[in-house]
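Engineer: What follows is a single structure, and I will ask about it in a moment.
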């Protein structure tokens, strides 16, 4: 399949440089501030951050895929999926004695909830934010019913594995680093990945070029649901299942995607940037807890950071935004840039 779509580059346009750098730079800055205030060893702080960041990275990668699909695409059901998947995975592992079965059950819950959203989006033409919100509300209702009288406990072997830190580096962080590489390869090397970028850049042009937009959209939301389910399964084993297990991950999953360099207007995904932004947020949580800020103040700070990044980005090279008011308008170019996406069905 040969697809030619006009628009900006799929990963980082010539004026964007390396957008993933800023998340890591911000994380390093916050780490230094914590080091100065606390006076404790920096290695322990980094190790703790690497223990907590992978959970945010997993759900953030799924949210990144959804956001890459273009304007209006966002999955607000991830927090509800995480909470429900946590209960289901712990119950399944307890009933079967297998942590692997529990993890698969959690992933299955995420796929099932995402399938409901996908049917509403593609079959009923419901806006994605409304469809995922409705599916999330259903999942939340099931979670509350499941939580009543829940007695199963997380698998001890899985919990021990999640706490392994050889040489101070969590095993989970290494595993999710590999997952990040796989997601990057999926976006760069497969027909699905290049099609997703094309849809995010210009949905109508992608349709005219023969991209199966409905199938790409469905796959994207199902992948997001699966990754949110995986997050819930692992997080419930690491902490404990609870009805509000995934509450914080809705805002945070969107924030790490935006701060990590992925265009909120779609068409450019930056997987490695999710890592930098996740480490920044985990360290930022540690800093505000260290100085005694409340949860409300923390959320206010995170929301302000997201708005600040959006202001600087101006919605990307294509959509302008407030920041564009302060930019010098370029002279009309003699020719337009194009992005060529080439592949065949055997790549995916």
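Numbering (the working numbering), first residue to last: 17 to 364. Just so you know, even glycine gets a beta-carbon here, dropped at the ideal spot from N, CA and C. Everything numeric in this text was worked out from a predicted model, so none of it was measured.
1) Is the segment 187-205 touching the segment 284-291 in the sense that three or more CB pairs, one from each, lie closer than 8 Å?
2) Measuring CB to CB, does residue 232 end up less than 8 Å from residue 212?
3) In angstroms with no decimal places, state the Cα-to-Cα distance between residue 218 and residue 286.
4) Return the chain-ordered list of same chain residues with a C-beta closer than 6 Å to the C-beta of residue 188, the five sequence neighbours on each side being excluded.
5) With DSSP run on the structure shown, which of helix, strand or coil describes residue 268?
6) Is residue 116 helix, strand or coil when you go by DSSP?
7) Straight-line CA distance for residue 47 to residue 87?
8) Could you check whether residue 319 and residue 98 sit closer than 8 Å to each other, using their CB atoms as the reference points?
9) Given residue 216, which residues of its chain have a CB within under 6 Å of its CB, disregarding the five upstream and five downstream residues?
10) Report buried or exposed for residue 37, applying the criterion of at least 16 other Cβ atoms within 10 angstroms of its Cβ.
11) Using the three-state DSSP reduction, which class does residue 171 fall into: helix, strand or coil?
12) Quick one, are the C-beta atoms of residue 104 and residue 125 less than 8 Å apart?
13) Could you spell out the range, first to last residue, of the alpha helix (DSSP H) harbouring residue 260?
14) By Cβ distance below 6 Å, which residues in the same chain neighbour residue 363 in space, the five residues on each side in sequence not counted?
15) Would residue 108 and residue 129 qualify as a contact pair, given that the criterion is a beta-carbon distance under 8 Å?
16) Suppose only complete runs of 4+ residues qualify. What are the alpha helix (DSSP H) ranges in the segment 276-330, listed by chain order?
17) Out of 75, 53 and 101, state which residue places its alpha-carbon closest to the alpha-carbon of residue 248.
18) Along the alpha helix (DSSP H) that carries residue 50, what are the first and last residues, could you check?
19) Just the C-alpha distance for residue 123 and residue 239, rounded to the nearest angstrom, thanks.
20) Determine the burial state of residue 315: buried for a count of at least 16 other Cβ atoms within 10 Å of its Cβ, exposed for fewer.
21) Quick one: residues in its chain with C-beta nearer than 6 Å to the C-beta of residue 67, no 5 flanking neighbours on either side, listed in chain order?
22) Are residue 116 and residue 170 close, meaning C-beta to C-beta below 8 Å?
Structural biologist: Let's see:
1) yes
2) Working through the chain shown from its first residue, we reach residue 232 at position 216. Working through the chain shown from its first residue, we reach residue 212 at position 196. Yes, Cβ-Cβ distance for residue 232 and residue 212 is below 8 Å.
3) In the chain shown, residue 218 corresponds to position 202, counting from 1. In the chain shown, residue 286 corresponds to position 270, counting from 1. Each residue's Cα considered, the two are about 18 Å apart.
4) Mapped onto the chain shown, residue 188 falls at position 172. Hits under 6 Å: 70 and 178.
5) Position 252 of the chain shown holds residue 268. Here residue 268 sits in helix by DSSP.
6) The residue labelled residue 116 in the question sits at position 100 within the chain shown. In the structure shown, residue 116 sits in a helix (DSSP, three-state: H, G or I).
7) Along the chain shown, read from residue 1 onward, the residue named residue 47 stands at position 31. Along the chain shown, read from residue 1 onward, the residue named residue 87 stands at position 71. Their backbone Cα atoms lie some 34 Å apart in a straight line.
8) For the purposes of this step, residue 98 is taken as residue 82 along the chain shown, with counting starting at 1. For the purposes of this step, residue 319 is taken as residue 303 along the chain shown, with counting starting at 1. In this structure, residue 319 does not lie closer than 8 Å to residue 98 by Cβ.
9) Locating residue 216 in the chain shown gives position 200, counting from the first residue. Cβ within range, chain order: 84, 85, 86, 282 and 283.
10) Taking the chain shown and counting its residues from 1, one reaches residue 37 at position 21. It is exposed - the Cβ of residue 37 has fewer than 16 other Cβ atoms within 10 Å.
11) Translated into the one-based positions of the chain shown, residue 171 becomes position 155. Residue 171: coil per DSSP, three-state reduction.
12) Position 88 of the chain shown, counted from the start, is the residue given in the question as residue 104. Position 109 of the chain shown, counted from the start, is the residue given in the question as residue 125. It is a contact, given that the beta carbons lie within the stated cut-off.
13) Here residue 260 refers to the residue found at position 244 when the chain shown is read from its first residue. That residue, residue 260, is in no alpha helix (DSSP H); it is neither H nor E in DSSP.
14) Along the chain shown, read from residue 1 onward, the residue named residue 363 stands at position 347. Any reading at residue 363 needs caution, since the residue's pLDDT is 39, under 50, leaving its predicted position unreliable; the model's value is listed next. If we look at residue 363 and ignore the five residues flanking it on each side, its Cβ neighbours are 206 and 207.
15) Here residue 108 refers to the residue found at position 92 of the chain shown. Here residue 129 refers to the residue found at position 113 of the chain shown. Taking 8 Å as the Cβ cut-off, residue 108 and residue 129 do not qualify as a contacting pair.
16) 287-306 and 311-329
17) Indexing the chain shown from 1 puts residue 248 at position 232. Nearest option by C-alpha distance: 101.
18) Against the chain shown, residue 50 aligns to sequence position 34. Start and end: 37-54.
19) Start at 1 with the first residue of the chain shown, and residue 123 comes out as number 107. Start at 1 with the first residue of the chain shown, and residue 239 comes out as number 223. When rounded, the distance between both Cα atoms is 10 Å.
20) Position 299 of the chain shown, counting from 1, holds the residue named residue 315. Exposed.
21) Along the chain shown, one-based indexing puts residue 67 at 51. Closer than 6 Å at Cβ, skipping near neighbours: 186.
22) Looking up residue 116 in the chain shown gives position 100. Looking up residue 170 in the chain shown gives position 154. Against a cut-off of 8 Å, the Cβ pair of residue 170 and residue 116 comes out as no contact.
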